[in-house]
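Participant: Each residue of the sequence shown is one higher than the one before, starting from 5 at the first, in my numbering. Once you've had a glance at the structure underneath, I'll fire off some questions.
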Amino acid sequence: MAKTRFAMPVAGWVTARLGATSGDWDLAIIDSADGRVVAGSASRGATEVASGLATQGSNLVVQACRRSGSASTANLTTVPTAVDTSHVQKVQLVRVSTPTLARKNELQRLGLDLTEHGGPGFVEAVLYGAADATRLVDNNFAYTVAVPDMAVQARKERAADIKFAAAYPNTELPSGRNIYRRLFDYSEDMKRLAREHPDLVRPITLNNQTYEGRSVEGIEIATSPNARDGRPVFLQMGAHHAREWPSAEHAMEWAYELVLGYRHGDARVRDLVSTTRTIVVPVVNVDGFNVSREAGELFQHAAGHATDADGDGEISDPEFILAGATSPNEYRRKNCRLLGDPPLGDCLAGVDTGLVGHGVDPNRNYGAFWGGAGSSGIAPTQTYRGPAPFSEPESQNVRELISARQVTTLITNHTFSNLVLRPPGIAAQGATVDEPIYKALGDSMAAKNGYSSQFGYQLYDTDGTTEDWSYNATGGLGFTFEIGKLGFHPPFEEVVKEWNGTTAAANGGGGNREAYYLAQQNTADASKHSVLAGRAPANAILRLTKTFDMPTSVEGLTFSDTLNTTMQVGSDGRYEWHVNPSTRPLIAKGSSGREATGDPSPPQQFASNGPGSTVPCADFENPPEGCYEDHLITVPSGAGIDNAKATFRIEFTPASDWDMKIYKADADGNATGDPVASSGNGATNGATAFEQATVLDPVGSYVVRVINWAAVDPWTGTVTFAGPDPFQAPEETWTLSCETPEGVTRSARQVFVARGERRSLDLRGDCRVRR
Ligand SMILES: [Zn+2]
């Protein structure tokens with residue numbers, strides 16, 4: 005361990021960076037006066053960034069710890085960043101009235117900081133000053149103030165957290181945690197789980213470092229965690245949005261639930277941990293989360309020693325003053341990208357100039373449908389989508405993770421609004437092809453946590469979101485959870501209640517703990533994804549790949565995606581690979597026809613009332629009464645009957661010219677509304693003349709109106725019924741390749757597998773397909 009001292013020259017942020025050539029190093033900044041951890045960084049590896057808040061004159065000890073490895077020296081820099089404590093920006097939470105979905109989308113286009121808290125008739129927004137309030141009023145939006153001063157609320161909530169932690173040394177959370185984790189707590193928890201349970205936990209580091217130079221970390225949980233077998237993958241994520249602390253807590257607790265449940269012999273957990281793989285990435289947006297969490301941390305610490313004794317709201321403690329001044333940081337949503345080129349990042353830039361100024365919303369930066377009306381193209385707004393699809397390390401990390409694994413189910417956790425959201429994020433897209441199974445799973449999870457199960461767009465239109473990309477690119481089912489209804493990071497007690505289902509909304513349903521079990525069981529359920537299985541050379545590597553273009557919301561702009569996943573055949577020469585369907589949902593949406601549910605009915609005849617019953621009028625558009633006859637036809641329905649089409653036809657001699665219109669019949673059997681089909685040809689040469697029109701998916705009764713244009717003899721009529729066109733789905737394939745342990749690679753076998761299908765495919769000893 006190496007230590008160095010640092011006297012804080014200003015009130016504000018202190019950031020220490022450490023870089024070594026190898027090994028695992030950790031970094032901490034300690035206040036020597038009271039031992040408080042001012043900042044810490046505990047990621048795996050030799051690069052650490054620790055950033056936190058300290059008052060002016062604090063005597064800080066910066067300590068670097070080598071946990072493993074042989075590098076004997078490391079570079080360390082420590083930099084202070086002043087916070088202007090004389091100027092305090094007041095942040096408010098308001099509830100904006102939005103009676104219609106259209107008004108919700110109008111509100112979203114104002115560029116204000118909308119929360120994910122909305123419901124019938126309202127969306128809540130964060131206002132950063134008078135200009136934001138004016139924008140609401142100028143656009144005729146009525147609002148009420150929900151939280152008049154977020155800093156005052158934060159102070160109270162963190163004081164409540166101190167009391168709660170003192171009262172409950174161990175909570176009902178699987179880890180027993182009783183207070184919000186800081187970023188380094190997540191790193192330490194994941195390291196500890198991997199160290200103490202190497203037979204169940206494998207640490208992973210995502211591919212791209214963030215703008216501030218941090219690693220994004222996760223763990224993979226399964227029996228034989230390091231094997232490359234073909235079990236289906238469940239992905240749990242939190243904190244795409246910096247301020248949404250409970251979303252990271254619940255993702256992390258799910259890891260504890262599985263690992264400790266397995267250790268304790270819980271039968272349900274043991275089954276899931278041995279039949280699936282679980283990847284937990286608790287904090288996707290680590291830069292943003294750290295600045296938000298550390299801003300709250302100072303209130304939490306100060307609450308332990310300073311109080312507002314006279315209750316006038318004024319507290320002279322320097323930690324409270326600094327925490328109040330930097331409190332808007334607590335409500336950071338986006339990542340820390342600075343505007344401009346090259347893309348650099350600094351979460352502390354703009355602390356005194358308003359928080360909406362820089363950063364990209366990682367949950368508007370995914371590629372599918374990127375760039376539409378459900379995000380902002382203007383940089384200083386809270387839903388800024390970034391300059392290009394997947395321009396940000398946070399979304400690119402998740403994309404690369406999912407593209408390299410067969411993730412059959414995922415949950416991306418957010419706060420707050422008590423919602424279980426499923427695609428589509430844009431109303432105009434309509435329901436997905438998997439809506440029945442998607443809705444069933446969403447509804448069943450919502451029954452556990454008491455949230456509303458709904459489409460993403462029902463909050464407001466969104467594009468470039470996690471599951472709109474992941475589902476449409478892979479076919480794996482993805483959900484957004486909006487946890488809780490009390491705020492972005494309410495008192496920690498709420499985290500426990502949302503977990504175990506002791507909120508009023510959950511009503512004993514079991515909370516997110518039980519909802520996550522359903523998602524994990526869905527991951528394991530082969531009827532909800534696809535399976536390839538058979539024999540192959542022992543220990544060969546099988547690879548499934550697919551490359552395709554995906555649409556954005558920008559005319560003419562697409563992006564290329566490649567899925568590339570592998571598994572290793574067992575030493576017994578057998579394999580079973582749980583995969584997503586080969587046809588992507590957007591392609592499957594182009595399917596036609598359907599399966600018949602019965603037989604079409606026999607034809608029905610109808611006939612002219614006889615010569616002279618009408619007079620010729622030569623008027624097809626508005627024939628006067630007396631010029632036409634009406635005939636009522638009822639389409640048979642019921643069990644065993646499937647009349648997908650009704651074709652109406654009248655025939656007559658070429659000497660006559662009859663025309664025909666088909667109307668829906670009203671309750672009295674009379675024509676109503678505009679014609680649903682018609683046929684009005686001119687006089688015909690030949691043995692027989694006719695008019696014919698087809699009604700698709702006919703229901704109920706119809707009136708056939710036969711019009712006498714210029715007829716001299718009667719007609720005969722028939723209605724024939726037909727079943728549906730056969731179901732035809734466009735098929736997309738996986739490209740399967742096989743590499744023997746000797747290094748022989750065979751590729752270009754195209755494999756189609758539908759959702760719910762188990763396909764057998766045997767490969768010879770040299771990896772050729774056995775026919
Ligand atoms: Zn969010």
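No residue lacks a Cβ here, since even glycine has one placed at the ideal position from N, Cα and C. The structure presented is a predicted model; accordingly, all values stated were derived computationally and were not measured.
Say yes only if the C-beta of residue 398 is nearer than 7 Å to one or more non-hydrogen atoms of ligand 1, and no if none qualify.
Facilitator: no
Participant: Please report the straight-line C-alpha distance between residue 180 and residue 173, rounded to a whole angstrom.
Facilitator: Approximately 8 Å between the Cα atoms of the pair.
Participant: Identify, in the order they occur along the chain, each residue of the same chain with its Cβ nearer than 8 Å to the Cβ of residue 199, setting aside the five sequence neighbours on each side.
Facilitator: No residues qualify anywhere along the chain.
Participant: How far does the beta strand (DSSP E) with residue 84 in it reach, from first residue to last?
Facilitator: 78 to 86
Participant: Nearest CA to the CA of residue 431: which residue from 160, 178, 466?
Facilitator: Residue 466 is the option with its Cα nearest to residue 431.
Participant: Please report the straight-line C-alpha distance between residue 630 and residue 613, rounded to a whole angstrom.
Facilitator: 12 Å
Participant: Among 767, 536, 564, 389, which residue has its Cα nearest to the Cα of residue 738?
Facilitator: 536
Participant: So is the beta-carbon of residue 471 under 7 Å away from any non-hydrogen atom of ligand 1?
Facilitator: no
Participant: Can at least three beta-carbon pairs, one atom from the region 146 to 163 and one from the region 95 to 106, be found at a separation below 8 Å?
Facilitator: Inter-segment contact for the region 146 to 163 and the region 95 to 106 is present: three or more beta-carbon pairs are separated by less than 8 Å.
Participant: In chain order, what residues of the same chain have a beta carbon less than 6 Å from the beta carbon of residue 411, not counting five sequence neighbours either side?
Facilitator: 237, 239, 480
Participant: Nearest by alpha-carbon distance to residue 523: which of 599, 555, 501, 417 is it?
Facilitator: Residue 523 has its Cα closest to that of 417, out of 599, 555, 501, 417.
Participant: So does residue 309 have its beta carbon nearer than 7 Å to some heavy atom of ligand 1?
Facilitator: no
Participant: Three-state secondary structure (DSSP) at residue 440?
Facilitator: helix
Participant: Once DSSP output is grouped into helix, strand and coil, what is the label at residue 473?
Facilitator: helix
Participant: Cβ-heavy atom distance between residue 367 and ligand 1 below 7 Å?
Facilitator: yes
Participant: Here's the rule: buried if 16 or more other CB atoms are within 10 angstroms of the residue's CB, otherwise exposed. What is residue 268?
Facilitator: exposed
Participant: Can you determine whether any heavy atom of ligand 1 sits closer than 7 Å to the C-beta of residue 120, and answer yes or no?
Facilitator: Indeed, a heavy atom of ligand 1 lies less than 7 Å from the Cβ.
Participant: Any heavy atom of ligand 1 closer than 7 Å to the CB of residue 91?
Facilitator: no
Participant: Does the Cβ-Cβ distance between residue 341 and residue 361 come in under 8 Å?
Facilitator: Contact: no.
Participant: Which residues mark the beginning and the end of the alpha helix (DSSP H) in which residue 145 is found?
Facilitator: Taken as a continuous stretch (DSSP letters only), residue 145 belongs to no alpha helix (DSSP H), as it is neither H nor E.
Participant: Any idea which residues DSSP pairs residue 34 with across the strands?
Facilitator: According to the DSSP secondary-structure assignment, residue 34 is paired through a beta bridge with 41, 65.
Participant: Would you check if the region 482 to 490 and the region 599 to 607 touch, i.e. whether three or more CB-CB distances between them fall below 8 Å?
Facilitator: no
Participant: Measuring straight from C-alpha to C-alpha, what distance separates residue 718 and residue 669?
Facilitator: 24 Å
Participant: Hey, how far is the Cα of residue 453 from the Cα of residue 502?
Facilitator: 7 Å
Participant: Given that a residue counts as buried once 16 or more other Cβ atoms are within 10 Å of its Cβ, and exposed if not, what is residue 19?
Facilitator: Buried.
Participant: Would you say the beta carbon of residue 248 is closer than 7 Å to some non-hydrogen atom of ligand 1?
Facilitator: yes
Participant: If you run the structure through DSSP and keep just helix, strand and coil, what is residue 664?
Facilitator: strand
Participant: Can you give me the Cβ contacts of residue 482 inside the same chain, cut-off strictly under 6 Å, excluding the 5 residues immediately before and after it?
Facilitator: Annotation for residue 482: 414, 471, 474, 475 place their beta carbon closer than 6 Å to its own, counting only its chain and skipping 5 residues before and after.
Participant: Would you mind listing the beta strand (DSSP E) stretches within the region 274 to 299 that are 3+ residues and don't spill past its ends, in chain order?
Facilitator: As far as the region 274 to 299 is concerned, its whole beta strand (DSSP E) runs of at least 3 residues are 281 to 285.
Participant: Quick check on DSSP: helix, strand or coil for residue 160?
Facilitator: helix
Participant: Using C-beta distances below 8 Å, list every residue in its chain close to residue 190, excluding the 5 sequence neighbours before and after it, in chain order.
Facilitator: 221, 252, 256, 286, 287
Participant: For residue 86, I'd like the list of residues in its chain whose CB is within less than 6 Å of its CB, leaving aside the five on either flank, ordered along the chain.
Facilitator: 14, 16
Participant: Just verifying my parser: in three-state terms, what is the DSSP assignment at residue 343?
Facilitator: Coil.
Participant: Can you check DSSP and say which residues form a bridge with residue 743?
Facilitator: 545, 749
Participant: What is the DSSP secondary structure of residue 191, counted as helix, strand or coil?
Facilitator: helix
Participant: Could you tell me whether the Cβ atoms of residue 282 and residue 262 are closer together than 8 Å?
Facilitator: The Cβ-Cβ distance between residue 282 and residue 262 falls below 8 Å.
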